[in-house]
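Scroll down for the structure; my scribbles are underneath it.
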Amino acid sequence: MIGRLNHVAIATRDLAKSAAVYRDLLGAIVSAPHALPEHGVTTVFVELPNTKIELLQPLGEASPIAKFLEKNPNGGMHHICYEVDDILAARDALKAKGATVLGEPRIGAHGKLVVFLHPKDFVGTLVELEQA
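By numbering that gives the first Met the number 0, the letter at position 113 of the sequence shown is numbered 112, and the numbering carries on one by one without gaps.
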């Protein structure tokens with residue numbers, strides 16, 4: 000079921016400063032910021048040879064990232080994203096095995112269907128699945 004690692008998401012209060020760390024200190028290719036109001040975030044993607052880092056900054060107080068930053072004021076890893084061939088089949092199989100699926104699949108930052116899995120079922124880590 001699980002495919003390749005798509006990205007690791009890191010929450011930050013200052014997207015420009017965080018992007019500069021990857022661009023200026025590490026020499027990575029960094030995308031322009033992209034606002035996703037339907038998810039309550041602005042994202043920047045850091046391109047790596049084998050995966051991506053997604054930097055997340057909240058868009059407003061209701062953003063799930065704002066809530067995360069209240070608990071983690073310095074920011075940090077928010078979730079990890081794996082690709083799956085069939086997101087609906089993966090969702091159904093995980094539900095059948097007792098995993099907690101958070102909501103229904105919806106369009107994510109890459110324009111593909113995504114769904115989140117509760118951290119209590121995945122070693123304390125919020126997991127995002129993305130349709131490959």
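Where is the CB? At the ideal position from N, CA and C, for every residue including glycine. Predicted model, so just to flag it, every value in this text is computed and none were measured.
Which of helix, strand or coil DSSP assigns to residue i
i, result
"F121", "coil"
"L54", "strand"
"L25", "coil"
"E60", "coil"
Proximal residues to residue i (C-beta, below 7 Å), its chain only, five neighbours per side dropped
i, result
"V210", "Nothing about residue 210 can be read from this structure; the chain reaches only from 0 to 131."
"G2", "Y81, E82, V83, D84, A131"
Bounding residues of the alpha helix (DSSP H) (the contiguous stretch that carries residue i)
i, result
"R90", "86 to 95"
"E69", "63 to 70"
"A18", "14 to 19"
Residue closest to residue i, alpha-carbon to alpha-carbon, out of the options
i, options, result
"D13", "N73, R22, P63, T50", "N73"
"Y21", "V122, A98, K51", "K51"
Where the beta strand (DSSP E) containing residue i begins and where it ends
i, result
"I106", "100 to 106"
Distance CB(residue i)-CB(residue j) smaller than 8 Å
i, j, result
"V43", "S62", "no"
"V40", "L58", "yes"
"E53", "H6", "yes"
"I79", "A10", "no"
"A8", "L47", "no"
Close-in-space but distant-in-sequence residues of the same chain around residue i (CB under 6 Å, 5 per side omitted)
i, result
"P132", "Not covered by the structure: residue 132. The range shown for the chain is 0 to 131."
Proximal residues to residue i (C-beta, below 8 Å), its chain only, five neighbours per side dropped
i, result
"H77", "A8, I9, A10, L55, I64, F67, L125"
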